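Participant: Here the sequence shown is numbered in the numbering used here, starting from 130 and rising by one per residue.
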Amino acid sequence: MKFTRPRFRCRLIQFTFIYHILPLLLVDPVFKIPIQDFEIPDTSALKNSKVPIIWVLGGPGSGKGTQCDRIVEKYGFTHISTGDLLRADVASGSERGKALEKVMKEGQLVSMKVVLGLLAEKMLNELSNSKGYLIDGYPRELAQGQAFEKSIGLCGLVLYFEASDDTLVKRLLHRALSSGREDDNEETIKKRLNTFHTHNDPIVQAYASKTKKISAEDTPEIIFAQVVEAIDALISNN
130 MKFTRPRFRC RLIQFTFIYH ILPLLLVDPV FKIPIQDFEI PDTSALKNSK VPIIWVLGGP
190 GSGKGTQCDR IVEKYGFTHI STGDLLRADV ASGSERGKAL EKVMKEGQLV SMKVVLGLLA
250 EKMLNELSNS KGYLIDGYPR ELAQGQAFEK SIGLCGLVLY FEASDDTLVK RLLHRALSSG
310 REDDNEETIK KRLNTFHTHN DPIVQAYASK TKKISAEDTP EIIFAQVVEA IDALISNN
């Protein structure tokens, strides 16, 4: 007598995969919750407010941080760095922070949606007291900028601090003397700059009408004078 395997086995495996295993795969790598359940906070309050939003762009070594400090001192704006937001969330020890730490330690990129969520949370928390937002080093590519404006609010001004690669390389090599970081060598720095230009140039082109290009080759005082001119114009038209 010849025995055959039951035909329903493959269908049973297929059923098990679709209804029990597949849902476990469709989760955000950071939050371990279904992707469709993660939502960026309601930002209608931000969109309806007249609080100006400024993106601050510039290559590594362009002096963005120095200028942001001066802007905060003069205008009382809220300075937000996505890197600082991620580090603060990790330092909080929350479940989300622990998950973020794991993702970053593994060298993975934190999803755009997660970063936008962190930005939205911070901006909403500061809305009642903020006179303006400085979004430092974000967006890093055009798609991020478009997603930001769709999910959070319109950017009123893009401050782009530009300097030649030679200048930026010299500054970063000088900085490396005190940092002692092995990756602060000329070859690595040039690769970072190349990556920056590849992703940043499309942003500047797409937002040309909102972009104020400022030479980062000048002294901090001359640079800041141009920053003030651009921000004052934004405020007067807001």
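The beta carbon of each residue, even a glycine, is placed where N, CA and C say it ideally should be.
Only a predicted model underlies this, so the values are computations on that prediction, with no experimental measurement involved.
Would you decide whether Thr340 is buried or exposed? Buried here means 16 or more other CB atoms lie within 10 Å of its CB.
Facilitator: The count along the sequence shown starts at 1 and reaches residue 340 at position 211. Classification for Thr340: buried.
Participant: Restricting to Cα atoms, I'd like to know which of Leu271, Lys176 and Ser240 is closest to Thr327.
Facilitator: Position 198 of the sequence shown, counted from the start, is the residue given in the question as residue 327. The residue with the shortest Cα to Cα distance from Thr327 is Leu271.
Participant: Starting from the Cα of Lys193, find the closest Cα among Ser344, Leu283 and Val333 and give me that residue.
Facilitator: Position 64 of the sequence shown holds residue 193. Measuring from the Cα of Lys193, the nearest candidate turns out to be Ser344.
Participant: By how many angstroms is the C-alpha of Ser173 removed from the C-alpha of Ile200?
Facilitator: Here residue 200 refers to the residue found at position 71 of the sequence shown. Here residue 173 refers to the residue found at position 44 of the sequence shown. Rounded to whole angstroms, Ile200 to Ser173 spans 26 Å at the Cα level.
Participant: Out of Leu283, Gly285, Ala228 and Lys319, which one is the CA nearest neighbour of Val298?
Facilitator: On the sequence shown, residue 298 is found 169 positions in, with the first residue counted as 1. Checking every option, the nearest Cα to that of Val298 belongs to Lys319.
Participant: Using C-beta distances below 7 Å, list every residue in its chain close to Phe353, excluding the 5 sequence neighbours before and after it, in chain order.
Facilitator: Sequence index remark: in the sequence shown, residue 353 carries index 224 (1-based). Gln196 and Arg199, listed in sequence order.
Participant: Less than 8 Å between the CB atoms is what I'm expecting for Leu175 and Met252, so what's the real figure, rounded?
Facilitator: Mapped onto the sequence shown, residue 175 falls at position 46. Mapped onto the sequence shown, residue 252 falls at position 123. That pair is a contact at about 6 Å.
Participant: Beta-carbon within less than 8 Å of Pro349's beta-carbon, same chain only, minus the 5 sequence neighbours each way: which residues are those?
Facilitator: As a first step, residue 349 must be located in the sequence shown, where it is residue number 220. The residues are Gly192, Thr195, Gln196 and Arg199.
Participant: Three or more C-beta pairs under 8 Å: does that hold for the segment 256-273 against the segment 205-217?
Facilitator: yes
Participant: According to DSSP, what are the bridge partners of His208?
Facilitator: Taking the sequence shown and counting its residues from 1, the one referred to as residue 208 is at position 79. Leu263.
Participant: Using alpha carbons as the reference points, say which of Lys342, Glu346, Pro331 and Pro189 lies closest to Leu317.
Facilitator: Position 188 of the sequence shown, counted from the start, is the residue given in the question as residue 317. At residue 317 the sequence reads Thr, which differs from the Leu that was named. Taking only the C-alpha atoms, the option nearest Thr317 is Pro189.
Participant: Under a three-way DSSP split, which group does Thr195 fall into?
Facilitator: On the sequence shown, residue 195 is found 66 positions in, with the first residue counted as 1. Note: Thr195 maps to helix in three-state DSSP.
Participant: If you draw a straight line from the alpha carbon of Lys234 to that of Ala362, how long is it in whole angstroms?
Facilitator: Counting from 1 along the sequence shown, the entry for residue 234 is found at position 105. Counting from 1 along the sequence shown, the entry for residue 362 is found at position 233. So the alpha carbons of these two residues sit roughly 42 Å apart.
Participant: To the nearest angstrom, report how far apart Gly246 and Glu358 are at their CA atoms.
Facilitator: If you number the sequence shown from 1, residue 246 lands on position 117. If you number the sequence shown from 1, residue 358 lands on position 229. One C-alpha to the other measures close to 31 Å.
Participant: With DSSP collapsed to three states, give me the class of Lys203.
Facilitator: Mapped onto the sequence shown, residue 203 falls at position 74. For Lys203, the three-state secondary structure derived from DSSP is helix.
Participant: Where Trp184 and Ala228 are concerned, what is the direct C-alpha to C-alpha distance, given to the nearest angstrom?
Facilitator: Mapped onto the sequence shown, residue 184 falls at position 55. Mapped onto the sequence shown, residue 228 falls at position 99. Put simply, the backbone Cα of Trp184 is about 28 Å away from that of Ala228.
Participant: Mind pulling the alpha helix (DSSP H) runs of 4 or more residues that sit fully within the segment 213-254?
Facilitator: 224-234
Participant: Three-state secondary structure (DSSP) at Ile352?
Facilitator: In the sequence shown, residue 352 corresponds to position 223, counting from 1. DSSP places Ile352 in helix when its eight states are reduced to three.
Participant: Got a sec? Which residues, its chain only, sit under 8 Å from Lys179 by beta carbon, not counting five neighbours each side?
Facilitator: Residue 179 sits at position 50 when you count from the first residue of the sequence shown. Cβ neighbours of Lys179 beyond the five flanking positions: Asn367.
Participant: Compare the Cα-Cα distances from Pro170 to each of Ser280, Asp295 and Ala276 and report the closest residue.
Facilitator: The count along the sequence shown starts at 1 and reaches residue 170 at position 41. Comparing C-alpha distances from Pro170 to each of Ser280, Asp295 and Ala276 shows the shortest one belongs to Ser280.
Participant: Name, in chain order, the residues that DSSP records as bridge partners for Phe290.
Facilitator: The residue you call residue 290 lines up with position 161 of the sequence shown. Here Phe290 is bridged, per DSSP, to Gly187 and Ile343.
Participant: Measuring straight from C-alpha to C-alpha, what distance separates Thr211 and Leu248?
Facilitator: Within the sequence shown, residue 211 is the residue found at index 82, counting from 1. Within the sequence shown, residue 248 is the residue found at index 119, counting from 1. Taking the straight line from one Cα to the other gives about 7 Å.
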